[in-house]
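Quick mapping for you: the protein sequence lines, in order, are chains U and V. Numbers given in this note's numbering equal positions in the first sequence, counted from 1, plus 116. Numbers given in this note's numbering equal positions in the second sequence, counted from 1, plus 9. Read the structure below first, then the notes.
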Amino acid sequence: MLKKIPRSNLLFFGGALLIFIIVQVAISTGVLNDFWSTIIRLGGVMAIVSLGLNLIYGYNGQFSLGQWGFYAIGAYVAADITYRWSNDSEATGLSILLIGVLLVGGAIVYLRSQLGKIRGLDALSAFTMYFLATLILGAVAVYLGKLVGPAVAGVLMALPASWSMQIVFILAVLIAGAFAAEVSFLFGLPVLTLGSDYFGIATLGFTIIVKVLLDNSDTMLGFQEMKGARGMVGIPKITTWFWVFFALLIVVVVMRNLLHSSYGRAIVSVREDEIAGKAMGVDVAEYKILAFVIGSFFAGLAGGLYAHINGFLHPDTFNFIQAFNPMIVIVLGGLGSMTGTLVASFTWALLLEGVLRLILPQGFETWRFVVYPLLLLLIMLLRPSGMLGTYEVPYLRQVLPPLKAFAKKINSSKPGSGDPAPVQEATK
Amino acid sequence: MSDNSMPPSPDGRQSILEIQELSIQFGGLRAVNNFDLLLRPHDLQGLIGPNGAGKTTVFNMITGVYTPTAGSIALKGLPITGLEPHEINHLGIARTFQNIRLFPSLSVLDNVRIAYHTHAGYSFADGISHSGRFQHKERELTEKAQDFLAVFNLQDRQDWTARNLPYGEQRRLEIARALAAEPQLLLLDEPAAGMNPAESSSLMDLIHFIRERFDLTILLIEHQMRVVMGICEKITVMDFGEVIARGNPQEIQSNPKVIEAYLGPGAAALSEKFRRKRSSEAS
Numbered sequence: 117m118l119k120k121i122p123r124s125n126l127l128f129f130g131g132a133l134l135i136f137i138i139v140q141v142a143i144s145t146g147v148l149n150d151f152w153s154t155i156i157r158l159g160g161v162m163a164i165v166s167l168g169l170n171l172i173y174g175y176n177g178q179f180s181l182g183q184w185g186f187y188a189i190g191a192y193v194a195a196d197i198t199y200r201w202s203n204d205s206e207a208t209g210l211s212i213l214l215i216g217v218l219l220v221g222g223a224i225v226y227l228r229s230q231l232g233k234i235r236g237l238d239a240l241s242a243f244t245m246y247f248l249a250t251l252i253l254g255a256v257a258v259y260l261g262k263l264v265g266p267a268v269a270g271v272l273m274a275l276p277a278s279w280s281m282q283i284v285f286i287l288a289v290l291i292a293g294a295f296a297a298e299v300s301f302l303f304g305l306p307v308l309t310l311g312s313d314y315f316g317i318a319t320l321g322f323t324i325i326v327k328v329l330l331d332n333s334d335t336m337l338g339f340q341e342m343k344g345a346r347g348m349v350g351i352p353k354i355t356t357w358f359w360v361f362f363a364l365l366i367v368v369v370v371m372r373n374l375l376h377s378s379y380g381r382a383i384v385s386v387r388e389d390e391i392a393g394k395a396m397g398v399d400v401a402e403y404k405i406l407a408f409v410i411g412s413f414f415a416g417l418a419g420g421l422y423a424h425i426n427g428f429l430h431p432d433t434f435n436f437i438q439a440f441n442p443m444i445v446i447v448l449g450g451l452g453s454m455t456g457t458l459v460a461s462f463t464w465a466l467l468l469e470g471v472l473r474l475i476l477p478q479g480f481e482t483w484r485f486v487v488y489p490l491l492l493l494l495i496m497l498l499r500p501s502g503m504l505g506t507y508e509v510p511y512l513r514q515v516l517p518p519l520k521a522f523a524k525k526i527n528s529s530k531p532g533s534g535d536p537a538p539v540q541e542a543t544k
Numbered sequence: 010m011s012d013n014s015m016p017p018s019p020d021g022r023q024s025i026l027e028i029q030e031l032s033i034q035f036g037g038l039r040a041v042n043n044f045d046l047l048l049r050p051h052d053l054q055g056l057i058g059p060n061g062a063g064k065t066t067v068f069n070m071i072t073g074v075y076t077p078t079a080g081s082i083a084l085k086g087l088p089i090t091g092l093e094p095h096e097i098n099h100l101g102i103a104r105t106f107q108n109i110r111l112f113p114s115l116s117v118l119d120n121v122r123i124a125y126h127t128h129a130g131y132s133f134a135d136g137i138s139h140s141g142r143f144q145h146k147e148r149e150l151t152e153k154a155q156d157f158l159a160v161f162n163l164q165d166r167q168d169w170t171a172r173n174l175p176y177g178e179q180r181r182l183e184i185a186r187a188l189a190a191e192p193q194l195l196l197l198d199e200p201a202a203g204m205n206p207a208e209s210s211s212l213m214d215l216i217h218f219i220r221e222r223f224d225l226t227i228l229l230i231e232h233q234m235r236v237v238m239g240i241c242e243k244i245t246v247m248d249f250g251e252v253i254a255r256g257n258p259q260e261i262q263s264n265p266k267v268i269e270a271y272l273g274p275g276a277a278a279l280s281e282k283f284r285r286k287r288s289s290e291a292s
């Protein structure tokens, strides 16, 4: 019953395992010190964010600078959950967010199936309904979360301390992704009706709003532990190389499967030609939202991982200037190439934070922001389609199925002719 | 069918497409005014007219790209005015474009496979996990797509990038893609544009062939008179957004209004004089 596993799959997963083991051994034995291990983990996190953006911009054609905003949301959501657990041993934050994310997610899926039946419903009316549902369910979640919080905390307390911490961490990262995805859905619904350029500006605005809110998180939002512009400290450092690698691998596999399914083809058709897509029955608005939400989910996930690398978050990390980082990475690696994005994000992290910091003489660290743009400029001049263009490793490449025998027969009987008459006979 | 008044048929099966008093206004410009059309099952009709007459605008209104200012469009008795383009496609109208609109950087096979995305038969969860159901359904729809390519003699091009195909094959691929959505009504916008006489002859054969094989109703816009007169059973002529003549190819060819629309005022009289002169010379 066991089917033969394709060689490309073996190569890919074997290679991935090998890389994981090599890096893990190097970290464990101290060959890679804390500095380098952090950089590699940052590279992995960057790869997840950038893959999400590549789905939105590279595959779906929507120029978005909002990715960094969703990354920030993910980081702070996850950090808040683990902070409250590790410092105050309370699970109310976790419970509220978990219930809220599940309720709102369910409501969105349900409303979407119901609203889909109404013909000619405009985006803003639909948005209003989703928004009202989110507000109501959010309030419900806060109430329920406060109710069950102590009980959840009790259950977690009963487990060994390291276990409960890991469970809270995994949940926090997943919640961060789902939270970012839901925010992106509500934000994208009205905004994705804009054309591509205007959409870019609107998403930049989103990133700026998120940054300002985080600057004032202790006063405007009322989360004292986030400490606003002073930066959030005391987040447990749990994100190991294992977690980064594991998350990245899942993201890569899911995205690859998605792109090679009919959903992925519909997503790419939106980039190729919206009008032709509509004429072929592709619901363009729906697939724009789908790509945007999945991309933001990845961003939120990456944010959750990032928050637990340094144990410190500062709103300046999520400044809109930094919002161009994932954009730079995907353009550098090649738009619409997953391999390119993976290579470029690790290169980016190693180069900017690692190599340049080391080769530049003491006191000249800031010069790396001169060297690095120059390098970018050079690469873009020499290879305008990105480092790897549209190259993919075999596993990520779409393999077209061979022709059926009967189609081959027609082909051999009538090579390359525009005359359909003989074909008619052959297929009847 | 004989008169142009076209009473609304109470029985929906009588007509595939029924357009009544269709008008659209862009600012001060009335691009299409009081356009009527009736297509019965298995019809092959033509829509002609000088450049800017509003032919493509009519296509765009039928397929939902533009919303008409007035009038109604019904597909098999069901009003489709104001629906989204993709909804209209799901109801059974497919089209090709005047300037070919393929998905240029996708493979030839994927261009056709996109047509199946709404009835692929697997859920999103199947899609991202590549489950057994996905593998099964995906193989099915791939074979269906390959069948379509074979019908259009494009099967050995399946892994080509669509933009690298020669012009005539791009046209054929666009028609194949439109048919993969399994429509009842096919709208062809200048299918013979840029083709030489040999290519357009084989295109005419192809149009006849797909009509029989897929049991289609076809409406086409075309500038090459040889193609229109050669395959259409009934022709509607438009000028400045209005229908100026309707009839079979012979009627249209001798209609003075049509000649004037194409060649300018006085041309009809001139051509009449020319014909009389020629017939007197012959006798």
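Using N, Cα and C, we set each Cβ at its ideal position, and we do this for glycine too.
Discussion item. Helix, strand or coil, according to DSSP, for A523/U in the structure here?
Written reply: Unreliable placement is indicated for A523/U, whose pLDDT of 49 sits below 50; the coordinate value is still reported in the next sentence. The answer is helix: DSSP assigns A523/U an H, G or I state.
Discussion item. Suppose only complete runs of 4+ residues qualify. What are the alpha helix (DSSP H) ranges in the region 200-257 of chain U, listed by chain order?
Written reply: 208-231
Practice prompt. Note down the Cα distance separating M496/U from R387/U, rounded to an integer number of angstroms.
Written response: 22 Å
Item to complete: Use the C-beta contact count for M117/U: other C-beta atoms within 10 angstroms, 16 or more gives buried, fewer gives exposed.
Response: The predicted position of M117/U is uncertain, since its pLDDT is 43 and thus under 50; no value can be drawn from it.
Practice prompt. Please name the residue, chosen from R513/U, G190/U, A194/U, S202/U, that lies closest to F350/U on a Cα-to-Cα basis.
Written response: A quick correction: the sequence has Gly, not Phe, at residue 350/U. Here the closest residue by C-alpha is S202/U.
Worksheet entry | Pair within 8 Å by beta-carbon distance, G545/U and G450/U | With chain U covering only 117 through 544, there is no way to say anything about residue 545/U.
Worksheet item: Using the beta-carbon count (16 or more within 10 Å), is Q164/V buried or exposed?
Response: Here Q164/V is buried, its C-beta having at least 16 other C-beta atoms within 10 Å.
Discussion item. Can you pull the chain U neighbours of L111/V, defined as C-beta to C-beta under 9 Å?
Written reply: E388, D389, A392
Discussion item. Along the chain, where does the beta strand (DSSP E) containing G275/V start, and where does it finish?
Written reply: First-last for G275/V: undefined, no H or E at that position.
Discussion item. I believe A415/U touches Q183/U by the beta-carbon criterion, under 8 Å. Please report the beta-carbon distance rounded to the nearest angstrom.
Written reply: Contact annotation, A415/U with Q183/U: C-beta distance approximately 5 Å; criterion of less than 8 Å satisfied.
Worksheet item: So, helix, strand or coil for R346/U, using DSSP?
Response: helix
Discussion item. Do T105/V and D45/V count as a contact pair if the criterion is CB distance below 8 Å?
Written reply: Not a contact, by the Cβ cut-off of 8 Å.
Worksheet item: Do you know whose CA, among G130/V, D119/V, H126/V, lies nearest A171/V's CA?
Response: D119/V
Worksheet entry | T226/V, DSSP secondary structure in three states | strand
Worksheet item: If we ignore side chains and look at the alpha-carbon of each, how far apart do G293/U and A401/U end up?
Response: 22 Å
Practice prompt. Just tell me which of L215/V, D168/V, L212/V, I219/V has its CA closest to the CA of E191/V.
Written response: The shortest C-alpha separation from E191/V is found at I219/V.
Worksheet item: To which residues of the same chain is Y403/U closer than 6 Å at the C-beta, ignoring the five residues directly before and after it?
Response: A382, I383, V386
Worksheet item: With distances taken between CB atoms, is the gap from S412/U to S300/U smaller than 8 Å?
Response: yes
Discussion item. Please state whether the Cβ-Cβ distance between Y226/U and F133/V is less than 8 Å.
Written reply: no
Worksheet item: If you pair each beta-carbon of the region 211-220 of chain U with each one of the region 333-347 of chain U, do three or more pairs fall below 8 Å?
Response: With the cut-off at 8 Å, the region 211-220 of chain U and the region 333-347 of chain U do not touch.
Worksheet item: Per DSSP, M247/V is paired with what?
Response: V252/V
Discussion item. Please report whether the beta-carbon of Q167/V lies at a distance below 8 Å from any beta-carbon of chain U.
Written reply: yes
Item to complete: Starting from D198/V, trace the beta strand (DSSP E) both ways and give me its first and last residue.
Response: Start and end: 194-198.
Discussion item. By the three-class DSSP mapping on this structure, what secondary structure does N257/V have?
Written reply: coil
Discussion item. Given this structure, state the Cα-to-Cα distance separating H145/V from G397/U, to the nearest angstrom.
Written reply: Distance between the alpha carbons of H145/V and G397/U is about 23 Å.
Worksheet item: Got a sec? Which residues, its chain only, sit under 7 Å from V237/V by beta carbon, not counting five neighbours each side?
Response: G55, I57, E231, I244
Discussion item. On a Cα-Cα basis, can you pick out the residue from A269/U, G174/U, L219/U that is closest to I197/U?
Written reply: A269/U
Practice prompt. Check the DSSP bridge columns for S116/V and list the partner residues they point to.
Written response: As DSSP reads the structure, S116/V sits in a beta bridge with T170/V.
Fill in: Length of the line joining the Cα atoms of A291/V and L48/V
41 Å
Practice prompt. Count the other C-beta atoms from every protein chain shown that fall within 10 angstroms of the C-beta of M273/U, then say buried if there are 16 or more, exposed otherwise.
Written response: exposed
Worksheet item: Which class does R104/V belong to by DSSP, given the choice of helix, strand or coil?
Response: strand
Fill in: Exposed unless 16 or more other CB atoms sit within 10 angstroms - verdict on R166/V
buried
Item to complete: Quickly, what does DSSP pair I33/V with across the bridge? List them, please.
Response: V41/V
Discussion item. Please report whether the beta-carbon of P122/U lies at a distance below 8 Å from any beta-carbon of chain V.
Written reply: no
Discussion item. Using a Cβ-Cβ cutoff of 8 Å, what residues of the region 82-110 of chain V are near chain U? List them in chain order.
Written reply: G91, L92, E93, P94, H95, E96, N98, H99, A103, R104, F106, R110
Item to complete: Flag this pair as touching only if the region 86-100 of chain V and the region 68-77 of chain V have three or more C-beta atom pairs under 8 Å; answer yes or no.
Response: Yes: at least three Cβ pairs fall under 8 Å.
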